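Visitor:
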Ligand SMILES: C[S@@+](CC[C@H](N)C(=O)[O-])C[C@H]1O[C@@H](n2cnc3c(N)ncnc32)[C@H](O)[C@@H]1O
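In this note's numbering, the protein residues as written are 9 to 257.
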């Protein structure tokens with residue numbers, strides 16, 4: 009399998025030129041303010057660390073609310089996009105699967121399914137361990153993850169039309185690797201006469217497995233929401249916002 013599927017600078021150089029447009033079409037740019045308002049509740053007047061900070065979609069509005077925001081990303085390309093956008097947010101190149109920092113934060117967060125870019129269970133747990141160590145004693149970890157939809161696969165594969173508007177068609181192809189809970193996917197983005205091919209690989213994780221992984225590193229679920237506006241988490245939820253604190257705090 010080509011390395012294009014792994015999240016690396018290869019991945020980022022594919023996505024970076026279209027990242028903001030893509031997020032805007034998917035409603036993720038419009039959602040950034042409500043996401044920052046949600047996160048501010050856990051770090052008002054304090055500090056926050058974003059894992060996989062990207063172009064600062066969430067970090068920038070959070071920093072504009074007076075929070076000291078820092079971030080980690082493993083892509084120079086994404087860090088350059090962030091640097092062009094703000095000098096309020098300090099970010100460094102690193103692997104969120106295994107990082108350590110002297111600084112302790114009121115909030116560590118990982119939005120937009122980014123934990124799933126770590127494609128093994130071990131890497132995901134190691135990330136949660138690093139995040140837990142970076143928290144103040146009373147600190148909070150917030151994770152946003154989609155609810156996996158593992159239906160409709162025939163022979164281990166499926167193709168889904170995820171968006172059609174007057175200008176764009178998004179078609180996603182997924183190959184399922186159930187032993188590793190991996191999806192090896194490609195987004196095909198048709199627009200006018202052009203088509204972009206955007207490969208990626210993720211490890212999906214259900215909310216209860218996430219709670220167990222968090223418990224392995226001394227964290228306990230405190231709250232779970234269905235979206236950033238604080239909507240209820242139900243069996244119809246397409247994603248969850250999960251809030252963890254140190255067990256016993
Ligand atoms: C889906 S984007 C999310 C960006 C941002 N958090 C947001 O909500 O818009 C995932 C980001 O994680 C970064 N990334 C992927 N693997 C990483 C790793 N192992 N360590 C740190 N950052 C990583 C990518 O470069 C990318 O910027």
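Cβ atoms here follow ideal geometry from the backbone N, Cα and C, with glycine treated the same way.
Only a predicted model underlies this, so the values are computations on that prediction, with no experimental measurement involved.
Quick one: grab the DSSP three-state call for residue 107.
Guide: On the chain shown, residue 107 is found 99 positions in, with the first residue counted as 1. Note: residue 107 maps to coil in three-state DSSP.
Visitor: If we count the other Cβ atoms within 10 Å of its Cβ and call it buried at 16 or more, is residue 10 buried or exposed?
Guide: Indexing the chain shown from 1 puts residue 10 at position 2. Because the pLDDT at residue 10 is just 47, under 50, the model does not fix this residue reliably, and the value given afterwards should be weighed accordingly. With fewer than 16 Cβ atoms within 10 Å of its Cβ, residue 10 is classed as exposed.
Visitor: Nearer than 6 Å: is that true of the beta carbon of residue 134 relative to any heavy atom of ligand 1?
Guide: Position 126 of the chain shown, counted from the start, is the residue given in the question as residue 134. Answer for residue 134: no, Cβ out of range of ligand 1.
Visitor: How do the segment 83-94 and the segment 119-128 stand: do at least 3 beta-carbon pairs fall below 8 Å, yes or no?
Guide: no
Visitor: Does the Cβ of residue 148 have 16 or more other Cβ atoms within 10 Å, making it buried, or fewer, making it exposed?
Guide: Locating residue 148 in the chain shown gives position 140, where the first residue counts as 1. Buried, since its Cβ has 16 or more Cβ neighbours within 10 Å.
Visitor: Any idea which residues DSSP pairs residue 56 with across the strands?
Guide: Translated into the one-based positions of the chain shown, residue 56 becomes position 48. Per DSSP, 77 and 115.
Visitor: Are the CB atoms of residue 243 and residue 234 nearer to each other than 7 Å?
Guide: Position 235 of the chain shown, counting from 1, holds the residue named residue 243. Position 226 of the chain shown, counting from 1, holds the residue named residue 234. No, the Cβ-Cβ distance between residue 243 and residue 234 is not below 7 Å.
Visitor: Would you say the beta carbon of residue 125 is closer than 6 Å to some non-hydrogen atom of ligand 1?
Guide: Your numbering for residue 125 matches position 117 in the chain shown. Indeed, a heavy atom of ligand 1 lies less than 6 Å from the Cβ.
Visitor: Roughly how many angstroms separate the alpha carbons of residue 162 and residue 184, rounded to a whole number?
Guide: In the chain shown, the residue the question calls residue 162 occupies position 154. In the chain shown, the residue the question calls residue 184 occupies position 176. Residue 162 and residue 184: Cα-Cα distance of roughly 10 Å.
Visitor: Who are the near neighbours of residue 48 in its chain, counting only those whose CB is closer than 8 Å to its CB and skipping five residues on each side?
Guide: Within the chain shown, numbered from 1, the residue matching residue 48 stands at position 40. Cβ within range, chain order: 70, 73 and 75.
Visitor: Whose C-beta lies closer than 8 Å to the C-beta of residue 257 among residues of the same chain, with five residues either side of it excluded?
Guide: Within the chain shown, numbered from 1, the residue matching residue 257 stands at position 249. 145 and 146, listed in sequence order.
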